[in-house]
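Before any comments, here is the structure.
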Amino acid sequence: MILLAATPIGNLGDASQRLRETFETARVIAAEDTRHTAQLLRKLGIENRPELIALHDHNEHERAAVLVERAAEEDIVLVSDAGMPTVSDPGFRVVQLAAERGVEVTAIPGPSAVITALAVAGLPTDRFAFEGFLPRKQGERRRALAALAVERRTLVFFEAPSRIAESLEDLAAEFGETRRAAVCRELTKLHEEVKRGGLGELAAWALEGVRGEIVLVVEGAAAAEISPEVALAEVQQRVASGERLKDAARAVSEATGIASKELYAAALAAREH
10 MILLAATPIG
20 NLGDASQRLR
30 ETFETARVIA
40 AEDTRHTAQL
50 LRKLGIENRP
60 ELIALHDHNE
70 HERAAVLVER
80 AAEEDIVLVS
90 DAGMPTVSDP
100 GFRVVQLAAE
110 RGVEVTAIPG
120 PSAVITALAV
130 AGLPTDRFAF
140 EGFLPRKQGE
150 RRRALAALAV
160 ERRTLVFFEA
170 PSRIAESLED
180 LAAEFGETRR
190 AAVCRELTKL
200 HEEVKRGGLG
210 ELAAWALEGV
220 RGEIVLVVEG
230 AAAAEISPEV
240 ALAEVQQRVA
250 SGERLKDAAR
260 AVSEATGIAS
270 KELYAAALAA
280 REH
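So that you can map any letter, position 74 of the sequence shown is 83 in the numbering used here, and since no number is skipped, the others follow by simple counting.
Here it is in structure tokens:
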């Protein structure tokens, strides 16, 4: 069996009793950084000394098969440096292969930087999308943000402190300076900070320098004030450009708030006339 174990994202007190018990009995742990995990075991007072196997972005593809083969016979605990494995961290290929081969996978729930930031940001939590890290190069980042500008769900990003100022500047340019956001820094740690404001305001604030691990939460786009006739024309234009009607109706619905079923039906009716 593969056991995906969530580890603390900062505060060691967030290590669950189940996690501690798992570490105490584990024979094999696949870890993003074996030195980091060995240190975590010591800090938690774990006396058990399991076999530690490195599993990171550079070797996961080649090591996945070996781990899954072993997991068919014995339990393999899989951890990243912080939070839940596979979420912008190693582990996905192992889980994918285990599922393909019928090897059981379970999780030991625990801390999550994504959910923690979303909870404290003060922005809508009923619908959200996790986008991971933005592209490093500005051109690619701006194109990615332009595609997300009409996304109505709350957006959650990871970002490095060295790039947060320029990313906020690009977000303000693509989403508008008044779009609400929250920079969540050093979550669960001693110097935890949540800075809320418009993207333009936050971009100016970040120029002074921001330290620590960062999760950025950004408000979704407001539904565009657009008439059904204009929305229908947009659907028809997308279809004429090669999109499937169903996909075009869904995309325009997300941007305008008009039900996709209504747009789909209106487009079909327009064809008949």
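Don't be surprised by glycine CBs; every beta carbon is placed ideally from N, CA and C. Predicted, not measured: the structure shown is a model, and the values here were computed from it.
In chain order, what residues of the same chain lie with their CB nearer than 8 angstroms to the CB of residue i, ignoring the 5 residues before and after it?
i, result
"residue 141", "97, 166 and 167"
"residue 267", "235, 237, 240 and 261"
"residue 36", "59, 60, 83 and 84"
"residue 23", "17, 119, 120 and 197"
"residue 280", "none"
"residue 70", "102"
"residue 277", "254"
"residue 223", "167, 168, 169, 170, 173, 192, 193 and 194"
"residue 27", "117"
"residue 125", "18, 193, 196, 197 and 224"
Leaving out the 5 sequence neighbours to the left and right, which residues in its chain are closer than 7 angstroms to residue i when beta-carbon positions are compared?
i, result
"residue 94", "13, 87, 88 and 100"
"residue 63", "40 and 43"
"residue 21", "52 and 53"
"residue 143", "150, 153, 166, 168 and 176"
"residue 273", "254, 255 and 258"
"residue 188", "207, 208, 227 and 228"
"residue 80", "10, 11, 107 and 112"
"residue 179", "147, 150, 151 and 154"
"residue 162", "136, 137, 138 and 229"
"residue 211", "177, 190, 192 and 204"
Can you tell me which of the three DSSP states residue i falls into?
i, result
"residue 143", "coil"
"residue 157", "helix"
"residue 280", "helix"
"residue 187", "coil"
"residue 52", "helix"
"residue 203", "strand"
"residue 248", "helix"
"residue 18", "coil"
"residue 209", "helix"
"residue 131", "coil"
"residue 256", "helix"
"residue 71", "helix"
"residue 31", "helix"
"residue 267", "coil"
"residue 197", "coil"
"residue 120", "coil"
"residue 65", "coil"
"residue 235", "coil"
"residue 262", "helix"
"residue 216", "coil"
"residue 102", "helix"
"residue 230", "coil"
"residue 152", "helix"
With a CB to CB cut of under 6 angstroms and the five nearest residues on each side skipped, what residues in its chain are close to residue i?
i, result
"residue 107", "11, 77 and 114"
"residue 259", "269"
"residue 215", "173, 174 and 177"
"residue 247", "257"
"residue 73", "102, 103 and 106"
"residue 171", "none"
"residue 25", "119"
"residue 221", "194 and 195"
"residue 243", "261"
"residue 219", "170 and 173"
For residue i, write down the residues that DSSP places opposite it in a beta bridge.
i, result
"residue 86", "12 and 38"
"residue 138", "164"
"residue 115", "12"
"residue 9", "Residue 9 lies beyond the stretch modelled for the chain, which goes from 10 to 282, so this question has no answer here."
"residue 225", "166 and 192"
"residue 92", "16"
Tell me whether residue i counts as near the ligand GTP, meaning its Cβ is closer than 7 angstroms to at least one heavy atom of that ligand.
i, result
"residue 28", "This structure lacks the ligand GTP; in fact it carries no ligand of any kind."
Kindly indicate if chain C contains any beta-carbon less than 8 angstroms away from that of residue i.
i, result
"residue 82", "Protein chains in the displayed structure number just one, and chain C is not present."
message = Three or more C-beta pairs under 8 angstroms: does that hold for the segment 181 to 201 against the segment 147 to 157?
response = yes
message = Closer than 8 angstroms is the cut-off here; do at least three beta carbon pairs connect the segment 116 to 129 with the segment 188 to 206?
response = yes
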